[in-house]
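The block underneath contains the structure these notes are about, expressed in structure tokens.
Number of protein chains: 2
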Amino acid sequence: MEGTGRGRTLDKVEPLIKDSDQSPMAAMKRIMQDQPDIVNMAIGEANFDPPAALVDIACRLLQDKVDRRSLYTPIRGLPQTRQAVARFLKRNFDADVDPEENILMTCGGTEALNLAITVLVRPGDKVLLPEPGWGPMMSLMERRGAVIEYYTLGLGDAWYVDPEAILAKMDPSVKILVVNSPSNPTGAMLTDRAAWKRIMEKAKEYDIFVFSDEVYHAYTYEGSYPSALKLDPSFENLLVINSFSKSFAVMGWRLGMVIAHPWLIRQMDVCKETVTACAPSIAQWAFAEYLDDGEEYLDRMRAMCQDNMDKMVARLNAMPGVKCPKAQGGFYLFPDFSAVEPSSAAMAERLLRNGVAVARGSAFGPHGEGCARLLFSAHWQNIAKALDRIEKAVTA
Amino acid sequence: MEGTGRGRTLDKVEPLIKDSDQSPMAAMKRIMQDQPDIVNMAIGEANFDPPAALVDIACRLLQDKVDRRSLYTPIRGLPQTRQAVARFLKRNFDADVDPEENILMTCGGTEALNLAITVLVRPGDKVLLPEPGWGPMMSLMERRGAVIEYYTLGLGDAWYVDPEAILAKMDPSVKILVVNSPSNPTGAMLTDRAAWKRIMEKAKEYDIFVFSDEVYHAYTYEGSYPSALKLDPSFENLLVINSFSKSFAVMGWRLGMVIAHPWLIRQMDVCKETVTACAPSIAQWAFAEYLDDGEEYLDRMRAMCQDNMDKMVARLNAMPGVKCPKAQGGFYLFPDFSAVEPSSAAMAERLLRNGVAVARGSAFGPHGEGCARLLFSAHWQNIAKALDRIEKAVTA
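As given, the protein sequences belong to chains A and B, one line each in that order.
Under our numbering, residue 396 is the last one in the first sequence; the count climbs by one each step, no gaps.
Under our numbering, residue 792 is the last one in the second sequence; the count climbs by one each step, no gaps.
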């Protein structure tokens, strides 16, 4: 224990995070600090402007001295915001959700997921997760002591959520099933409503609880979105995670939500008081007023993202040794660079040295090895610049 | 298990929160819903306007289309914000803190505390907490599986943090000591710098780690504030929790921080990615620009709060059966109503029926029974209205 520089007391503390000094993101950050001109495609954000009307409302509310908007809101969220969310879910998914009993506003989708895991997962519980899948989901489940089993996403001309792969792994020993459609990092979706229904039926049969992570619901490129909300209106086996931070390009505002059974909402409500207290107040007030007019913006941004994605797939597939499946939804492409460079860590470093930051595929599970996650929810001029650099890195 | 209305799958889940359906706050809320004219002294907030300059900066930054401020910030917080915090700590406490290595920005002081407990406390660890003390601190420690031992705050003409009570309980079996000065709910402070120093020395001797919760540091009414930051500049045995949400009356903005050893900051940084991702971006950008000019506002609000507190103590002590100690710091008085009504829950309900919401004293520990927590960080006209109603309730 000598030479850690932490002193005697901290040396006795077992590290919660084993490799916090050597995390790949930390390494990337160090390289990036010396290169101001990097195109950053590594961060999972909508890298374009939020709706101007939303920002105007937020500014007006900030200045309001009568109904002061900078105080705490109820832990569960402002009633007005939850009512606006319920109307949004009705318009978009024809879902009937009680704003008072079924909705909890959170500091982004991340806190929503964290609360759900805290309340529903116990050490030793068997959980089914998608692979490739979102790293923090795996870390959270690990830290909670869950026993993780993976189901593999399907791969054709696009990545897709394969219902047969899920159904094959569902049995009475499973406690939680996580479905992430559209998926981070692959853009895979579960598009087949009948298959979704079969999964929910089997969940009920075996007492499996389903987490449907729908934070990318507004960005889908193949038909209308089958939200799980329609499949279990009683919420006896379903919890849905959503986020307006992502949908409306205000990641920094931190506004997500859980939609779930009233009993679970009450559990998470009490728990949240000691995690972060309320979700940010200005974001809640602003969305309460703005959200009814939000669909036009989402349509416009979805079209832009789809256009970006189509052009990017064509460009990447034309590069020697690169295979790039389409995205059915979401913000990311997950091209395979293994013919160029088998190690996704080495490939990410090579791309970074050429001026493009990406997330290495192996961070998302073994099937991500050889791949990289590239963001397409950005302005085309940035993407085009990145593609030129990727081409240079690939052909070098 | 019949009749819970949760269905078979959720009936199998062991509740994390045992009494989430019957929480006292929930009961209070139901009573309050039917009474629009309640004066709310129950919520722990600075119930006055934030600095106008801070709000103006936030609005300008929200509208900025070049350097977009609604994207994610680094998990650890914006470098500019952490630099402004380090300058603030130098000016106010003459503390030398490295903005890059020692500071993590959080979603309020609550998340700061939650992260500290997640990273430092293990099931079975013995922790020393103040009593009366902040309820969520007790809940968080319980949920983490800590073995809680309390030290009792001293009571004279004011509540005070009694160093002898702390020192008497410090031995090698203790892992964590929590000091909350100024205290929620009592306003008690640890004013004796020499005693603070002895506590830190004993902490080093016995390998005890000290959490100093300083979120009310800007509101002190007896001399200059002895921050723990000066007592262990190596941070080998010290972690400090602070909050700008509280100090600058922007509770809803959710901006707090942890100041700690670089190794702990790295641990919490990685952990935070899966709890909430970054702290709210606009709050961070706005404070980075505003904070250097913040002291004039704090001086003004501190004077207002002290004036409120003095007048309120005089008024309450003149009521039959009410004993009200002064507050050395913070936002709260913790008067003893036991001669009027021995049960703090019954007293809170009686006050509520008379139009004043308060936090019942028993929520803060056994020594809080018979007491109520009253907020004085508000405009005097609201407090005066509440005092009239309290007088009516007491003399009825």
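Where a beta carbon is used, it is the ideal one built from N, C-alpha and C, also for glycine.
On a predicted model such as this, the values are computed, not experimentally measured, just so you know.
- Against residue 657/B, the close residues of chain A are 6, 10, in the order they occur along the chain (beta-carbon pairs closer than 7 Å).
- Taking 8 Å as the upper bound for CB-CB distance, residue 50/A and residue 372/A are not in contact here, some 27 Å apart.
- Between residue 179/A and chain B, the shortest Cβ-Cβ separation is not below 8 Å.
- If you look at residue 103/A, you'll find it isn't in any alpha helix (DSSP H); it sits in the beta strand (DSSP E) that goes 103 to 106.
- In terms of beta-carbon proximity, residue 747/B stays away from the interface with chain A, with every pair separated by 8 Å or more.
- When the Cα atoms are used, residue 95/A and residue 237/A turn out to be separated by approximately 16 Å.
- Against chain B, the CB of residue 332/A has no partner CB under 8 Å away; the residue lies outside that interface.
- Only buried fits residue 86/A, as 16 or more other CB atoms lie within 10 angstroms of its CB.
- Residue 382/A is outside the set of residues whose beta carbon lies under 8 Å from a beta carbon in chain B.
- By the beta-carbon neighbour count (other beta carbons within 10 angstroms, threshold 16), residue 496/B is exposed.
- Between the segment 381 to 396 of chain A and the segment 50 to 66 of chain A there are fewer than three C-beta pairs closer than 8 Å, too few to call the two in contact.
- Contact annotation: residue 163/A and residue 128/A have beta-carbon atoms that are not nearer than 8 Å.
- Residue 583/B places its beta carbon 8 Å or farther from that of residue 712/B.
- Nearest C-alpha to residue 18/A among 455/B, 659/B, 474/B, 517/B: 659/B.
- Contact with chain B is found for residue 267/A, since one of that chain's Cβ atoms lies less than 8 Å from the residue's Cβ.
- The distance from the Cβ of residue 166/A to that of residue 211/A is about 13 Å, inconsistent with a contact at the 8 Å cut-off.
- Residue state for residue 597/B is assigned as helix, using DSSP reduced to three classes.
- In this structure, the beta-carbon distance from residue 207/A to residue 404/B falls below 8 Å.
- Under the three-state reduction of DSSP output, residue 317/A falls in the helix class.
- When C-beta atoms of the segment 147 to 161 of chain A are compared with those of the segment 173 to 185 of chain A, three or more pairs fall below 8 Å, so the two segments count as touching.
- When Cβ-Cβ separations below 8 Å define contact, residue 254/A makes contact with chain B.
- Considering only 623/B, 641/B, 517/B, the residue with the shortest C-alpha distance to residue 536/B is 517/B.
- Within chain B, the residues placing a beta-carbon under 7 Å from that of residue 209/A are 405, ordered along the chain.
- Taking 8 Å as the CB threshold, residue 431/B stays off the interface with chain A.
- Between residue 698/B and residue 679/B, the C-beta gap is not smaller than 8 Å, which leaves the two residues out of contact.
- Secondary structure note for residue 465/B: it is in no beta strand (DSSP E), with a DSSP letter that is neither H nor E.
- Sequence-distant Cβ neighbours of residue 761/B in its own chain, meaning closer than 8 Å and more than five residues away, are 527, 528, 529, 534, 546.
- By the C-beta density criterion, residue 461/B is exposed, having fewer than 16 other C-beta atoms within 10 angstroms.
- In this structure, the alpha-carbon of residue 407/B lies about 23 Å from that of residue 148/A.
- Per DSSP, the unbroken beta strand (DSSP E) holding residue 211/A starts and ends at 209 to 213.
- Of the residues 60/A, 293/A, 361/A, the one whose Cα lies closest to the Cα of residue 324/A is 361/A.
- Residue burial annotation: residue 272/A is buried, with at least 16 other C-beta atoms found within 10 angstroms of its C-beta.
- Of the candidates 114/A, 205/A, 152/A, 205/A places its Cα closest to the Cα of residue 174/A.
- Taking the C-beta atoms as reference points, residue 376/A is found no nearer than 8 Å to residue 229/A.
- In the three-state reduction of the DSSP assignment, residue 639/B falls in the strand class, which pools E and B.
- In this chain, the alpha helix (DSSP H) harbouring residue 748/B covers 740 to 749.
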